[in-house]
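If you read the sequence shown in numbering that gives the first Met the number 0, its first letter stands for residue 0, the second for the next number, and so on.
Input: a single structure, listed below in C-alpha cells.
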Amino acid sequence: MSSFVSWARFCVYEPGPARPGAAGPARRRAAGDGLRGVWIATVANLDWPSKAGLSAAAQKAELIAHLDRAVELKLNTAVLQVRPAADALWPSPHEPWAQCLTGTQGKDPGWDPLGTAVREAHARGLELHAWFNPYRVANHTDPSKLAAGHPARTHPGWVLPYGGKLYYNPGLPEVRKFVQDAMLDAVGRYDIDAVHWDDYFYPYPVAGQTFDDDAAYERYGSGFSTKAAWRRDNIDRLVRETAERVKAVKKDVRFGISPFAVWRNAATDPAGSDTRAGVQTYDDLHADTRKWVKEGWIDYVAPQVYWHIGNAAADYAKLVEWWARTVRGTGVDLYIGEALYKCGDPAQPAAWQDPAELSRHLDLTADHAQVGGHLYFSAGHVMKDPTGAMARVAADHYGAGARAPRTGRHRVRERGAR
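Okay, structure coming up:
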C-alpha cells in the first residue's frame, strides 16, 4: 500500500456469534463508534514530511498539524509509516535513518520523529499505530544507492530485484528474523499502541517478470508441493512469529494488518468473496489473510476496501459483508480501509465525484456489528479534503469526539481466553 506509485494499483484492478462485548447482529451499531483513523504515509514524502530536507522544527510542525487535523475531524488514531523502505524514523540499531526525512538515507535528522509522534499523539488523546513495511528495500534496484552499511548491502544475498524495486527475500529464515528484529526494536523503545502492516508481502505481480527465489525454494521448500504453498508458509511464519514476539515484548501492544481487500474471488474458491478482482492476496501476494484472522494471529484486520458501493468487479457492500462474516466469532477486530484519495478524482467513476459516497459507506457498515471502525487514506487528503468528503463523514457520523480505543490495554484477557 505504501509505495508512492501503489495507490494507482487499486484503480487498475477494478474490472456465528459476535465477539464478547460486541453488539449482536440484530442491533445497528452507530457508524461513528470505534476506531477512526488516518494513515500518514512517509514513503517518497507522500503525506509527510511534505518534502525531504526540511528543518527538524518544520518537520515537527507539519507532523503536529496532521495530528491536530485528526482531532479537528474527531478522529482518534494516527497510523504513522515509520519503516517505509528498510529504513527508520527512529534511531534504529538495525537500519539507517529514513531517506524521506533529510533526502539522504542514513543522515541523522536531528530529532526523533517516532518518539515525538507517540508523545504528541497521546497528548491529544490519539492512538499511535506504528506502520511498518516488512520486505520492501527500495523503489529502485541499485544497492549502491542505499546508505553505506545498509543490511541489503552487507548481505547482498538477502535481496532480489523485481518490477523496478528491491525486496528482501521472504524465503530466507535469516531475513524473516532480521525484519522482525528491526520492527520489534520500535516496540521495545516506544509506547506505541499497535504494530501495523500494509498490503505488501510478496510483491504485486508485474507482467513478464519473475521473482527469482528459486535458490531459496530449492534449499527450504522440499516439504511443499508447490512454490506457492511454500511462499504462503513463509508469510504465515512471519505473521505468526511477529504476533508472538510483539506480545512477548509488550503484551498490550496490538498487531494489525491492512491487506488488499480480496482474499480470493468466489470463482476461484467457494469461500471467497463475490468479486472479480484482478488480484487475489492468497494467490498473487501469497498472503493467506483469511487464515490469519481464523487462527487469531492478529488483533485487527483493516482490509483496503477501496471501491465504491455497486462496483461491478469489487462491490464495497459485498466485501464489507464478506469481511464481517470472516471475523465473526474470532475475536479479531475489523476496521474498514477507506479510499478518501479517490474522492473527487476525475479519473475515478462517477460515484467518487459525489462527496456523500464515503458517508454512505459508514451508513452501510453500521448494519454490520463486526465493523469496529474505519481508516482513511491518507493524511494529505484528510488535510486538504478538496471535495469536503471527509468533513461530510465527520459531520454525519462523528458528531461527538470518541476516546481512542487503546483496546489493547484491556483486551488482553479476552484474547488470551480464546
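Using N, Cα and C, we set each Cβ at its ideal position, and we do this for glycine too.
Since the structure is predicted, the reported quantities are computational estimates derived from the model, not experimental observations.
- request: Tell me whether the beta-carbon of Lys164 lies closer than 7 Å to the beta-carbon of Asn138.
  value: yes
Spatially closest choice to Tyr418 from Asp232, Val300, Leu125, by CA coordinates: Nothing about residue 418 can be reported from this structure: the residues present for the chain run from 0 to 417 only.
- request: Could you check the C-alpha separation between Val370 and Trp321 for me, to the nearest Å?
  value: 11 Å
query: In or out: Gln208 buried (at least 16 other Cβ within 10 Å) or exposed?
result: exposed
- prompt: From which residue to which residue does the alpha helix (DSSP H) around Thr325 run?
  reply: 315-326
message: Looking at Gly255: is its Cβ nearer than 7 Å to the Cβ of Asp197?
response: no
message: Can you find the residues in the same chain that come closer than 6 Å, C-beta to C-beta, to His195, ignoring five residues on each side of it along the sequence?
response: Val78, His128, Trp130, Gly255
- prompt: Under the rule that 16 or more other beta-carbon atoms within 10 Å means buried, what is Pro269, buried or exposed?
  reply: exposed
Gly379, enclosing alpha helix (DSSP H) - first and last residue: 378-383
- request: Please list the segments of the beta strand (DSSP E) lying wholly inside the region 204-291, counting only runs of 3 or more residues, in order along the chain.
  value: 253-256
message: Can you look up His128 in the DSSP assignment and give me helix, strand or coil?
response: strand
As assigned by DSSP and simplified to three states, the class of Glu356: helix
- request: List the whole-angstrom C-beta distance separating His396 from Leu361, where the pair is believed to meet the contact cut-off of C-beta under 8 Å.
  value: 5 Å
- request: Work out the CA separation of Val117 and Asp86 for me, nearest whole Å.
  value: 18 Å
Status (buried if at least 16 other CB within 10 Å, exposed otherwise) for Asp213: exposed
query: Where does Ala193 fall in DSSP's three states?
result: strand
message: For Val42 and Gly109, I'd like the C-alpha separation in whole angstroms.
response: 19 Å
task: Quick one: grab the DSSP three-state call for Arg135.
output: strand
- prompt: Can you round the beta-carbon distance between Tyr170 and Tyr219 to whole angstroms, since I take them to be within the 8 Å contact cut?
  reply: One point to set straight first is that residue 170 is Gly, not Tyr, in the sequence displayed. That pair is a contact at about 6 Å.
Local Cβ density within 10 Å of Ser91, reported as buried at 16 or more and exposed below that: buried
field: Euclidean distance between Cα positions of Thr288 and Ile335
entry: 14 Å
Ordered list of beta strand (DSSP E) runs contained in the region 152-203, each at least 3 residues: 158-161, 164-167, 193-196
field: Distance between Lys73 and Ala206 (C-alpha atoms, nearest Å)
entry: 43 Å
query: Under the DSSP definition of a beta bridge, which residues are partnered with Leu100?
result: In DSSP, Leu100 forms no bridge with anything.
message: I'd like the span of the beta strand (DSSP E) that includes Ala77, first residue to last.
response: 76-82
message: Taking the straight line between their C-alpha atoms, what separation do you get for Val178 and His121?
response: 27 Å
message: Tell me which residue opens and which closes the alpha helix (DSSP H) that Val304 is part of.
response: Taken as a continuous stretch (DSSP letters only), Val304 belongs to no alpha helix (DSSP H), as it is neither H nor E.
task: Rank Val261, Val326, Glu94, Trp296 by C-alpha distance to the C-alpha of Val304 and give the top, closest one.
output: Val261
query: Under 7 Å, do Thr274 and Ala301 count as touching if we go by C-beta distance?
result: no
Option nearest Gly398 by Cα separation, candidates Ala55, Val70, Val37, Pro142: Val70
- request: Go through its chain and collect everything with a Cβ distance to Ala55's Cβ below 7 Å, but skip five positions before and after it.
  value: Pro108, Gly109, Trp110
field: CA-to-CA distance, Trp89 to Leu100, given in whole angstroms
entry: 11 Å
- request: Leaving aside the five residues before and after Gln80 along the sequence, list all residues of the same chain whose C-beta is less than 6 Å from its C-beta, in chain order.
  value: Ser1, Ala40, Thr41, Trp130
message: Helix, strand or coil for Asp362? Go by DSSP, reduced to three states.
response: helix
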